[in-house]
Amino acid sequence: MSTFHVIGVDAGRETTTLRAADHVLHRLAGLLPLPAGAYACTHRVRPPGERPGLALSLAVPAADAGRVLDRLGARAGAAGVRCGTEAGAGAALATAEHTGRTGGRAVCFPGSAGLPERLTVAELLATTAIDAAEVLGGTPADPDTVLLTRSHVRPEWVGGRLLLRLMPALGGTYVPFETPDPHPCCGADHD
Numbered sequence: 001m002s003t004f005h006v007i008g009v010d011a012g013r014e015t016t017t018l019r020a021a022d023h024v025l026h027r028l029a030g031l032l033p034l035p036a037g038a039y040a041c042t043h044r045v046r047p048p049g050e051r052p053g054l055a056l057s058l059a060v061p062a063a064d065a066g067r068v069l070d071r072l073g074a075r076a077g078a079a080g081v082r083c084g085t086e087a088g089a090g091a092a093l094a095t096a097e098h099t100g101r102t103g104g105r106a107v108c109f110p111g112s113a114g115l116p117e118r119l120t121v122a123e124l125l126a127t128t129a130i131d132a133a134e135v136l137g138g139t140p141a142d143p144d145t146v147l148l149t150r151s152h153v154r155p156e157w158v159g160g161r162l163l164l165r166l167m168p169a170l171g172g173t174y175v176p177f178e179t180p181d182p183h184p185c186c187g188a189d190h191d
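Going by UniProt numbering, the residue at position 191 of the sequence shown is 191; the numbering climbs one at a time, nothing skipped.
Right, here's the structure in full:
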């Protein structure tokens, strides 16, 4: 991402679920607004001495970074903008993961807006920033197989690539592994 600047954002203590973090990212994308070609990701983080939580990262073209930071500052106010790793440990971890393309779950990415409910894996790879799709277990997805997006496509940065994990579904199709409306596994308040 040499032509991008990555900005880490602490999602706040009230943002404890992926669904809530998605909501924050979509609101930010609309308020800033995020420029074309930008990425917005969620990250599960655990800063030293703190509880696990979620942080966000925005990767924006270098030419737009100053404007995006100014808009973030205007929204957060002087008390909300902090620099350095101690003041924003979760945001710093998210920034490091996104910059290295070693972690982060992409909510907004080039090609994500307006994805149809149904397309082939080859069409997905040709029209979005997703680099690869694999079926659970690491098998590369068949490019001719239909993917039912369920309007919820969340690839992850893994080893420098934006990877979408898929599951086989009825009728010889695939669906994204991450479900759009997860149910708590044990009644706890988490995704």
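Backbone N, C-alpha and C define an ideal beta-carbon position, used for all residues, glycine too.
Beta-carbon proximity check, residue i vs residue j, cutoff 9 Å
{"i": "Ala132", "j": "Leu93", "result": "no"}
{"i": "Pro155", "j": "Ala106", "result": "yes"}
{"i": "Thr95", "j": "Leu54", "result": "no"}
{"i": "Val121", "j": "Leu56", "result": "no"}
{"i": "Arg101", "j": "Gly12", "result": "no"}
{"i": "Val68", "j": "Gly103", "result": "no"}
{"i": "Ala40", "j": "Leu25", "result": "yes"}
{"i": "Leu58", "j": "Ala38", "result": "yes"}
Chain-order list of residues whose beta-carbon lies under 6 Å from that of residue i (same chain, five-residue window excluded)
{"i": "Leu31", "result": "none"}
{"i": "Asp64", "result": "Pro35"}
{"i": "Thr85", "result": "Unreliable positioning characterises Thr85 in this predicted model, as indicated by a pLDDT of 49, which lies under 50. A coordinate reading is not provided."}
Same chain, Cβ closer than 7 Å to residue i, neighbours up to 5 away in sequence not counted
{"i": "Val153", "result": "Ser112, Leu115, Leu164 and Pro176"}
{"i": "Thr3", "result": "Pro61 and Ala62"}
{"i": "Arg118", "result": "Val146 and Leu148"}
Selected residue, minimal CA-CA separation from residue i, among the options
{"i": "Glu123", "options": "Gly138, Leu136, Cys108 and Asp142", "result": "Asp142"}
{"i": "Gly171", "options": "Val146, Asp181 and Ser151", "result": "Val146"}
{"i": "Asp70", "options": "Leu28, Leu18, Asp144 and Pro110", "result": "Leu28"}
{"i": "Thr42", "options": "Glu50, Pro33, Pro52 and Asp22", "result": "Asp22"}
Residue i beta carbon near the ligand COA (any heavy atom closer than 8 Å)
{"i": "Val9", "result": "In the structure on display, the ligand COA does not appear, and there are no ligands present to speak of."}
Starting from the N-terminal side, write out each stretch of the alpha helix (DSSP H) that is 4 residues or longer and does not extend beyond the stretch 82-122.
Fully enclosed alpha helix (DSSP H) runs of no fewer than 4 residues occupy 89-100 of the stretch 82-122, in order along the chain.
Complete runs of the beta strand (DSSP E) confined to the stretch 41-70 [at least 3 residues]
The stretch 41-70 is shown to contain whole beta strand (DSSP E) runs of 3 or more residues at 53-61, in chain order.
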